[in-house]
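Numbering (our numbering), first residue to last: 355 to 720. We put the CB at the ideal spot given by N, CA and C, even for glycine. Since this is a predicted model, take the numbers as computed values, not measurements. This report refers to the structure that appears directly beneath it.
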Amino acid sequence: MKKKLALLLYRYFPYGGLQKDFLGITKELLGRGHEVKVYTRSWEGDIPKNLDVVQLGEKGFSNYSKNKTYVVKALKSVKDFLPDIVFGFNKMPGLDLYFAADTCFAKQSLKKNPLQKFTRRHRQSMEFEREVFSRDSNSKILLLNEIQAQDFQDVYSTQQERLTLIPPGIERDWNQQEFIDIAKLLNLPANEKIILFVGSDFSRKGLDRAIIGISHLLKQNISATLLVLGDDHKGPYEKAIKELSLSNRIIFLGPRKDVSSFMKSSHLLVHPAREEAAGNIIIEALVSGLPSLVSSEVGFSAEVLKYNSGIVVDGEFNQEKFNYLLEESLSNEKLTLVKEAIKPLANNDYFYSRFNFIANFIEEAF
355 MKKKLALLLY RYFPYGGLQK DFLGITKELL GRGHEVKVYT RSWEGDIPKN
405 LDVVQLGEKG FSNYSKNKTY VVKALKSVKD FLPDIVFGFN KMPGLDLYFA
455 ADTCFAKQSL KKNPLQKFTR RHRQSMEFER EVFSRDSNSK ILLLNEIQAQ
505 DFQDVYSTQQ ERLTLIPPGI ERDWNQQEFI DIAKLLNLPA NEKIILFVGS
555 DFSRKGLDRA IIGISHLLKQ NISATLLVLG DDHKGPYEKA IKELSLSNRI
605 IFLGPRKDVS SFMKSSHLLV HPAREEAAGN IIIEALVSGL PSLVSSEVGF
655 SAEVLKYNSG IVVDGEFNQE KFNYLLEESL SNEKLTLVKE AIKPLANNDY
705 FYSRFNFIAN FIEEAF
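So, in structure tokens, the structure goes:
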């Protein structure tokens with residue numbers, strides 16, 4: 355039976371991890387003939403054919419106030435659409451189904467300045483999270499991994515039957531892009547170690563940690579360049595880069611459509627994130643044959659260990675430990691060992707099954 359779905363997302367913009375999942379799920383639902391209508395604050399980029407998108411505007415002075423205004427307007431507009439399912443990609447009231455791309459806000463806030471709990475942003479975030487995860491809620495929840503599920507249950511005692519773990523999800527055509535000669539493209543020495551950092555939230559994903567790691571490599575006479583792919587401001591990092599004499603070693607390339615090609619052509623992915631519910635970039639690297647070095651705060655660090663696709667900085671992050679493991683990760687012996695271990699995984703259906711899994715779940719559960 356065909357469903358009528360209202361999809362709620364604060365903002366759509368190309369290259370965001372959540373946005374890529376949102377678009378993949380949306381296309382799968384449309385391809386199956388379901389009626390889909392999207393409600394968002396704003397949409398950047400092309401809109402898929404046959405997708406009805408309602409842009410409700412960016413009214414408000416702060417991000418939290420824009421979200422609050424959006425939720426009120428979206429839930430009011432949804433009533434006119436009369437959907438079978440209200441499917442949210444951000445935490446908010448009124449959802450039948452929630453795609454949990456974020457970590458548990460309540461648990462993460464314990465690690466931060468206690469004064470933040472007095473801010474409006476904190477109170478709103480807590481309220482919206484409770485609306486989805488409390489035992490009084492009826493929302494069904496799609497989760498990325500067991501660590502994330504346990505965090506929410508520790509705080510909210512969410513009923514197990516409302517929680518569903520989903521597989522990783524990347525596009526089937528991910529590996530169709532060609533290898534590129536990065537050294538030639540960027541005029542780097544032929545023996546240069548190319549290290550990749552990918553993400554659109556530099557601070558949360560630990561760019562500062564990666565930059566310090568590059569400085570360490572150079573002190574060990576390991577010639578390396580860090581390529582930064584993602585949409586964020588480089589300004590906050592320019593002072594440190596200059597002080598460490600790394601101006602020609604850190605290259606910002608902005609958001610790109612050919613990330614897969616860069617993965618095929620680099621030596622190592624670094625993802626020393628401070629907070630990351632899953633980290634789809636880890637799976638993208640894995641199927642691209644690219645070894646990775648990640649912090650244990652990354653949800654998919656468990657996949658790195660499971661498939662021997664790199665090294666995890668275990669426990670509380672320590673910069674000296676990261677530096678040492680970065681050096682170890684780049685040894686020719688380690689790179690060869692990891693590449694051989696993950697080479698057969700490029701065509702493993704499991705890594706491409708998220709969107710199909712979610713569409714099946716929607717058709718069976720509602």
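At which residues does the alpha helix (DSSP H) containing residue i begin and terminate?
{"i": "Glu-389", "result": "Element bounds for Glu-389: not the alpha helix (DSSP H) but the beta strand (DSSP E), 389-397."}
{"i": "Leu-689", "result": "686-696"}
{"i": "Ala-639", "result": "634-642"}
For residue i, which residues does DSSP report across the bridge?
{"i": "Tyr-366", "result": "Trp-397"}
{"i": "Phe-441", "result": "Leu-361 and Leu-451"}
{"i": "Phe-606", "result": "Val-582"}
{"i": "Lys-494", "result": "Leu-451"}
{"i": "Ile-548", "result": "Thr-579"}
{"i": "Glu-629", "result": "None; Glu-629 has no bridge partner."}
{"i": "Val-652", "result": "Glu-630"}
Inspect the beta-carbon positions of residue i and residue j and report whether they are closer than 8 Å.
{"i": "Ser-646", "j": "Ser-663", "result": "yes"}
{"i": "Pro-521", "j": "Ser-642", "result": "no"}
{"i": "Ala-360", "j": "Phe-453", "result": "no"}
{"i": "Val-390", "j": "Leu-383", "result": "yes"}
{"i": "Val-667", "j": "Ser-649", "result": "yes"}
{"i": "Gln-409", "j": "Ser-396", "result": "yes"}
{"i": "Val-658", "j": "Ile-635", "result": "no"}
{"i": "Tyr-366", "j": "Glu-398", "result": "yes"}
{"i": "Ala-722", "j": "Asp-562", "result": "Outside the displayed range of the chain (355 to 720) lies residue 722, so it cannot be described from this structure."}
{"i": "Gln-574", "j": "Glu-717", "result": "no"}
{"i": "Leu-581", "j": "Phe-551", "result": "yes"}
{"i": "Tyr-369", "j": "Ser-554", "result": "yes"}
{"i": "Phe-487", "j": "Thr-457", "result": "no"}
{"i": "Phe-709", "j": "Gly-523", "result": "yes"}
{"i": "Phe-711", "j": "Ile-439", "result": "no"}
{"i": "Lys-356", "j": "Gly-378", "result": "no"}
{"i": "Glu-483", "j": "Lys-445", "result": "yes"}
{"i": "Ala-460", "j": "Val-509", "result": "yes"}
{"i": "Ala-564", "j": "Val-613", "result": "no"}
{"i": "Tyr-661", "j": "Leu-689", "result": "no"}
{"i": "Leu-464", "j": "Gly-653", "result": "no"}
{"i": "Gly-584", "j": "Phe-616", "result": "no"}
{"i": "Leu-372", "j": "Gly-442", "result": "no"}
{"i": "Pro-437", "j": "Lys-358", "result": "yes"}
Using DSSP with H/G/I as helix, E/B as strand and the rest coil, what is residue i?
{"i": "Thr-518", "result": "strand"}
{"i": "Leu-680", "result": "helix"}
{"i": "Thr-512", "result": "coil"}
{"i": "Ala-579", "result": "What sits at residue 579 in the sequence shown is Thr, not Ala. The answer is strand: DSSP assigns Thr-579 an E or B state."}
{"i": "Leu-598", "result": "coil"}
{"i": "Ile-566", "result": "helix"}
{"i": "His-587", "result": "coil"}
{"i": "Asp-375", "result": "helix"}
{"i": "Leu-436", "result": "coil"}
{"i": "Asp-406", "result": "strand"}
{"i": "Leu-659", "result": "helix"}
{"i": "Ile-501", "result": "helix"}
{"i": "His-621", "result": "coil"}
{"i": "Ser-463", "result": "helix"}
{"i": "Glu-483", "result": "helix"}
{"i": "Thr-380", "result": "helix"}
{"i": "Gln-470", "result": "helix"}
{"i": "Glu-670", "result": "coil"}
{"i": "Ser-614", "result": "helix"}
{"i": "Phe-506", "result": "helix"}
{"i": "Phe-705", "result": "helix"}
{"i": "Ser-557", "result": "coil"}
{"i": "Leu-699", "result": "helix"}
{"i": "Gln-478", "result": "helix"}
{"i": "Glu-592", "result": "helix"}
{"i": "Lys-420", "result": "helix"}
{"i": "Lys-573", "result": "helix"}
So residue i is in the beta strand (DSSP E); what residue range does that whole segment cover?
{"i": "Ile-665", "result": "664-667"}
{"i": "Ile-534", "result": "That residue, Ile-534, is in no beta strand (DSSP E); it is neither H nor E in DSSP."}
{"i": "Phe-715", "result": "No beta strand (DSSP E) contains Phe-715, which is instead part of the alpha helix (DSSP H) from 708-719."}
{"i": "Ser-646", "result": "646-649"}
Contact between the segment 562-571 and the segment 668-681 is defined here as three or more beta-carbon pairs at a separation below 8 Å; is this criterion met? yes
Are there three or more Cβ pairs, one per stretch, closer than 8 Å when the segment 530-548 is compared with the segment 511-518? no
Quick test of the definition: if touching needs 3 or more C-beta pairs under 8 Å, does the segment 624-641 touch the segment 600-607? no
Between the segment 522-540 and the segment 593-603, are three or more C-beta pairs nearer than 8 Å? no
Is the segment 440-452 touching the segment 477-497 in the sense that three or more CB pairs, one from each, lie closer than 8 Å? yes
Contact between the segment 423-432 and the segment 457-473 is defined here as three or more beta-carbon pairs at a separation below 8 Å; is this criterion met? no
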